[in-house]
Amino acid sequence: MDAFSLPLEQQLCQQIRFKEEDGQIWFDEQRMLLLQLIALAEFRKEQIDTLGQERAKGFFMRLGYSMGKKDAQLALRLSNSKDPHDLIRTGFGLHSLKGMVRIDEQRLEVDQESGHFYAEYVMHDSYEAEMFLTELGRLNEPVCWSLVGQASAFTSALLGREIIFKEITCRGCGDSSCLIVGKPAEEWEDVNVYREYFRRSSVIEELYELQSQISVLRHKVDKKSTLGNFRGQSPGYQQICKLANRAAEANVTVLLLGETGVGKELVARAIHDASKRNDNQFVAVNCAAIPPDLIESELFGVEKGAFTGATQSRPGKFERAHMGTIFLDEVIELSPRAQAALLRVLQEGELERVGDSQTRNIDVRVVAATNESLEEAVKEGRFRADLYYRLNVYPINIPPLRERPEDLPMLIEHFLEKYHAYYSKRTAGVSGLAMQAMMKYEWPGNVRELENLIERALILTDNGEEISASTLFPTLGFNATQTLSADGHLVDVGDEAVQSESSDWIENALGACESLEEIEQKFLDYALDKANGNVSEAARVLGISRPTLAYRMKKMEEN
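Sequential numbering of the sequence shown, starting at 5, is according to our numbering.
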């Protein structure tokens with residue numbers, strides 16, 4: 005082992021953090037739980053009694069498979085080596101650290117070029133075997149179901165091919181030891197049997213199908229619980245749904261209020277889609293994006309020759325939205341003349357194009373929006389009072405995202421699915437720590453900021469990896485207040501014991517090397533090896549510039 009590398013067990017232990025003030029335990033970026041074994045045994049017994057032994061076996065193998073995929077991500081992140089032997093041993097080290105089992109490696113043969121893989125492990129003190137020996141009674145077949153699923157999943161993920169482990173002997177069925185053997189899937193004669201265990205059982209699929217049918221029926225009975233692509237589940241969201249669906253049934257002018265980025269256009273579109281006008285145009289206009297001298301012609305149309313550059317007659321946004329809905333975002337930015345023209349549309353249902361004397365009848369529902377107070381603008385003389393009263397017939401206030409945190413998980417899932425499809429990649433979702441950070445964030449930019457943040461984080465995250473807290477919020481810190489020392493004691497991060505552990509590698513280095521030059525040489529060799537000989541990458545590993553690294557390499561060669 006490299007003199008500067010911490011022992012694997014110590015590296016893994018240092019990833020455990022306890023936050024007593026929050027009642028949370030973290031391992032790397034995953035929140036963990038401490039559970040009584042007897043409670044898990046009772047749960048397993050209930051599964052066997054309810055679903056039958058075969059269905060229960062598949063359930064726990066899939067549970068282990070899910071944990072194994074997460075273990076693979078941790079092993080890749082924590083291991084200093086990319087050698088498959090080291091990665092697999094790190095994965096089994098996670099088994100031991102979590103208190104599940106102690107692994108004794110008998111054989112491990114990995115040849116990535118030829119595709120050869122064979123592994124044998126004896127499992128000591130398996131928690132699953134102990135369950136059956138002490139609580140559930142022996143079975144007539146091996147019982148370490150989740151451990152087998154876990155080993156199969158993380159090995160497959162680390163090697164990039166399907167590896168299946170089978171338990172050959174098991175203490176849970178009367179054997180003297182628990183022995184598992186791993187081989188490529190195609191080398192097992194009964195591979196299809198094991199693949200079935202790793203698929204969802206038919207009873208789960210049936211339940212999902214029934215749930216889907218119920219959701220469809222419920223949606224047909226009560227459409228008021230949803231609001232188009234505006235997602236949520238909080239009380240604030242439900243109130244918006246109620247108000248918006250009531251507005252959709254009528255022909256009332258709607259005023260949407262709320263901070264920038266809360267989703268006002270989505271609500272406006274949902275009102276249109278739920279109304280009898282949904283077969284006609286929905287026209288969205290950002291009034292702030294149109295120059296004041298062009299706003300009238302853009303909204304109400306223009307006749308040929310009305311002003312320099314008007315070379316032909318054309319209809320405005322209102323005429324295009326005839327029999328449909330027009331959404332006027334940032335309506336407070338309308339010029340005084342445009343405000344007067346809008347008031348006439350709302351009161352009389354008619355308009356005149358710029359430069360025209362002909363009056364045109366128009367039937368359009370107006371949904372306006374603003375993130376400022378129109379009432380204050382009226383007091384300041386920036387907005388017509390009579391127009392404000394016409395727009396304020398049916399106000400809907402959309403609360404900011406920080407006031408409805410219950411909506412965050414649904415919105416995150418929605419945006420992940422959207423950008424997974426857009427970028428043709430799929431992450432493993434957000435880590436537990438990342439989710440906690442987002443739940444505590446204030447979201448000044450609301451839903452728009454959340455969407456942009458998710459898109460950026462997905463771009464920076466590799467396929468199959470979790471989106472980390474540091475990727476989402478690179479400028480924020482996420483250090484817990486406590487950690488686990490090498491001897492298993494809970495200590496403060498600033499405690500001298502932890503500082504002592506962090507300096508152990510220095511003592512090791514001084515003991516293993518005769519001079520400072522030798523220590524520096526080992527650092528250079530390590531960085532070059534980690535970067536596969538790429539000098540620029542090695543410089544980044546060491547935190548120095550490429551010319552500096554080249555100079556030190558040359559200096560070492562001369563000595």
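For glycine and all other residues, C-beta sits at the position ideal for the given N, C-alpha and C.
Put residue i into one of helix, strand or coil per three-state DSSP.
i	result
Gly515	helix
Cys174	coil
Gly186	strand
His120	strand
Asn450	helix
Asn401	strand
Trp149	helix
Arg21	strand
Leu553	helix
Tyr566	Any property of residue 566 remains undetermined from this structure, which presents the chain solely from 5 to 563.
Ile463	helix
Asn282	coil
Ala191	The identity of residue 191 in the sequence shown is Glu, whereas the question assumes Ala. Glu191 falls in the helix class under three-state DSSP.
Met327	coil
Met414	helix
Gln40	coil
Phe31	strand
Glu469	coil
Asn290	strand
Ignore the nearest five residues each way along the sequence and tell me which others in residue i's own chain have a CB closer than 8 Å to its CB.
i	result
Glu354	Arg348, Thr363, Arg364, Asn365 and Ile366
Asn282	His276
Ala542	Leu528, Ala531, Leu532, Lys534, Ala535 and Leu553
If you check the beta carbons only, do residue i and residue j fall under 8 Å apart?
i	j	result
Leu82	Gln19	yes
Leu163	Ala79	no
Asp411	Ala373	no
Tyr131	Lys187	no
Val114	Pro88	yes
Glu300	Val358	yes
Leu346	Leu338	yes
Ala252	Leu140	no
Ser435	Ala473	yes
Asn284	Gly320	no
From the options, pick the residue whose C-alpha is nearest to that of residue i; which is it?
i	options	result
Arg318	Phe22, Phe304 and Met414	Phe304
Met442	Glu421, Phe96 and Leu476	Leu476
Tyr555	Lys534, Glu524 and Ala535	Glu524
Asn255	Val370, Ala531 and Thr138	Val370
Ile416	Glu190, Met439, Pro404 and Gln28	Met439
Gly119	Lys268, Ala189, Leu91 and Trp447	Ala189
Lys444	Ala461, Thr465, Glu407 and Glu470	Glu407
Gln110	Ile548, Arg93 and Lys102	Arg93
Ala344	Thr465, Gln316, Leu391 and Gly265	Leu391
Pro409	Glu511, Asn450 and Ile184	Asn450
Trp447	Leu143, Phe387 and Val266	Val266
Ile167	Trp192, Leu183 and Leu143	Trp192
Asn375	Val335, Glu356 and Leu405	Val335
Ala288	Asn196, Arg21, Phe387 and Ala325	Ala325
Phe286	Gln316, Gln57 and Glu323	Glu323
Gly468	Ser160, Gly62 and Asp32	Ser160
Glu352	Pro340, Arg394 and Leu67	Arg394
In its own chain, which residues sit with a C-beta less than 7 Å from the C-beta of residue i, not counting the 5 before and 5 after it?
i	result
Met65	Trp149, Ser150, Val152, Gly153, Tyr201 and Phe202
Pro399	Leu259 and Leu261
Met560	Gln525 and Leu528
Val539	Arg550, Leu553 and Ala554
Asn401	Leu261 and Gly262
Lys224	Below a pLDDT of 50, predicted positions are generally treated as unreliable, and Lys224, at 45, falls in that range; the measurement from the model is reported next regardless. Closer than 7 Å at the Cβ level, and outside the excluded window around Lys224, lies no residue.
Met414	Arg235, Gly236 and Gln237
For residue i, collect the residues of the same chain with a Cβ closer than 6 Å to its Cβ; drop the 5 residues on either side in sequence, then sort them by chain order.
i	result
Asp360	Glu307
Asn396	Leu259
Met104	Tyr131
Pro403	Gly240
Lys534	Val545
Phe158	Gly72, Asp75, Ala76 and Gly95
Ala60	Gln51 and Ile52
Can you check whether the C-beta of residue i is within less than 8 Å of a C-beta belonging to chain D?
i	result
Ile366	Annotation note: the requested chain D is absent from the structure, which comprises a single protein chain.
Does the segment 423-439 come close enough to the segment 265-284 to have 3 or more Cβ pairs within less than 8 Å?
no
Any 3 or more C-beta pairs closer than 8 Å across the segment 237-251 and the segment 379-395:
no
Taking three-plus beta-carbon pairs below 8 Å as touching, is the segment 415-424 in contact with the segment 248-255?
no
Counting Cβ pairs closer than 8 Å, one from the segment 110-127 and one from the segment 171-189, do we hit at least three?
yes
The segment 91-101 contacting the segment 453-460, beta-carbon criterion three pairs below 8 Å
no
Whether or not the segment 39-46 and the segment 172-186 are in contact is what I'm after, with contact meaning three or more pairs of Cβ atoms, one per stretch, closer than 8 Å; do they touch?
no
Just checking, does the segment 129-147 make contact with the segment 44-53 on the three C-beta pairs under 8 Å criterion?
yes
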